[in-house]
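**Q** Let me give you the structure first, and then I'll get to my questions.
In this note's numbering, the protein residues as written are 2 to 155.
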């Protein structure tokens with residue numbers, strides 16, 4: 002009986018690990034197509050921003066081609082936090098839906114980071130789940146480049 006439980010446990014653990022796929026995607030995002038900034042007024046350099054934009058995958062292990070994001074940012078003096086949704090189109094036309102949150106310096110010469118979760122999708126990605134992180138470089142012209150890694154399962 003113990004041996005059977007051990008074998009069942011091993012199959013469960015190693016089977017789950019084998020089902021997890023790697024995410025290793027590089028993104029280039031154009032300047033946001035829509036952005037709106039509101040000064041909070043409680044202190045200098047404190048504002049809220051809502052932004053929307055698009056990104057193209059420049060390299061992808063997991064089949065992402067493009068993505069569209071909508072995010073909320075809070076800028077306070079020299080740092081920011083953000084959270085949002087990122088909807089990706091896969092190479093087979095199906096969609097993957099991500100939520101993310103991040104932080105960084107308002108100085109665009111410094112890197113920014115975020116963590117993400119896959120919260121669903123369409124077609125074969127409908128039950129997709131996963132998580133990971135991204136690190137990004139922002140540029141003077143409003144564009145940005147991101148390297149994202151993590152795992153997912155369908």
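Note that beta-carbon positions come from the ideal geometry of N, C-alpha and C, so glycine has one too. Just so you know, these numbers come straight off a predicted model, no measurement behind them.
Taking buried to mean at least 16 other C-beta atoms within 10 Å of its own C-beta, is residue 106 buried or exposed?
**A** Taking the first residue of the chain shown as 1, we reach residue 106 at position 105. Per the 10 Å Cβ criterion, exposed.
**Q** Using a threshold of 7 Å, state whether the C-beta atoms of residue 144 and residue 131 are closer than that.
**A** Against the chain shown, residue 144 aligns to sequence position 143. Against the chain shown, residue 131 aligns to sequence position 130. No, Cβ-Cβ distance for residue 144 and residue 131 is not below 7 Å.
**Q** Output yes or no for whether 7 Å exceeds the beta carbon distance between residue 122 and residue 101.
**A** The residue labelled residue 122 in the question sits at position 121 within the chain shown. The residue labelled residue 101 in the question sits at position 100 within the chain shown. For residue 122 and residue 101, no; Cβs fall outside 7 Å.
**Q** Counting only the same chain and skipping the five closest in sequence on each side, list residues whose C-beta sits under 7 Å from that of residue 41.
**A** Taking the first residue of the chain shown as position 1, residue 41 is located at position 40. Correct list, in chain order: 47, 48, 49.
**Q** Locate the beta strand (DSSP E) running through residue 60, then write down its first and last residues.
**A** Here the question's residue 60 lines up with position 59 in the chain shown. Note, residue 60: beta strand (DSSP E), 47-61.
**Q** In whole angstroms, what separates the C-alpha of residue 44 from that of residue 76?
**A** For this step, residue 44 is matched to residue 43 along the chain shown. For this step, residue 76 is matched to residue 75 along the chain shown. If I take the Cα positions, the gap works out to 11 Å.
**Q** Rounded to whole angstroms, what's the CA-CA distance from residue 80 to residue 138? Just pull it up for me.
**A** Residue 80 sits at position 79 when you count from the first residue of the chain shown. Residue 138 sits at position 137 when you count from the first residue of the chain shown. Near 15 Å, if we compare the C-alpha coordinates of residue 138 and residue 80.
**Q** If we require 3 or more residues per run, which beta strand (DSSP E) segments fall completely within the stretch 91-143?
**A** Counting whole runs of 3 or more residues, the stretch 91-143 contains the beta strand (DSSP E) stretches 96-106, 113-122, 130-139.
**Q** Looking only at its chain, what residues have a beta carbon closer than 6 Å to the beta carbon of residue 104, apart from the 5 residues adjacent to it on each side?
**A** Stepping through the chain shown from its first residue, residue 104 is reached at position 103. Answer for residue 104: 82, listed in chain order.
**Q** In or out: residue 93 buried (at least 16 other Cβ within 10 Å) or exposed?
**A** The residue labelled residue 93 in the question sits at position 92 within the chain shown. Exposed, because fewer than 16 other Cβ atoms sit within 10 Å of the Cβ of residue 93.
**Q** Could you check the C-alpha separation between residue 140 and residue 34 for me, to the nearest Å?
**A** Position 139 of the chain shown, counted from the first residue, corresponds to residue 140. Position 33 of the chain shown, counted from the first residue, corresponds to residue 34. Computed Cα separation, rounded: 15 Å.
**Q** Give me whichever residues DSSP pairs with residue 23 in a beta bridge.
**A** Against the chain shown, residue 23 aligns to sequence position 22. In DSSP, residue 23 forms a bridge with 152.
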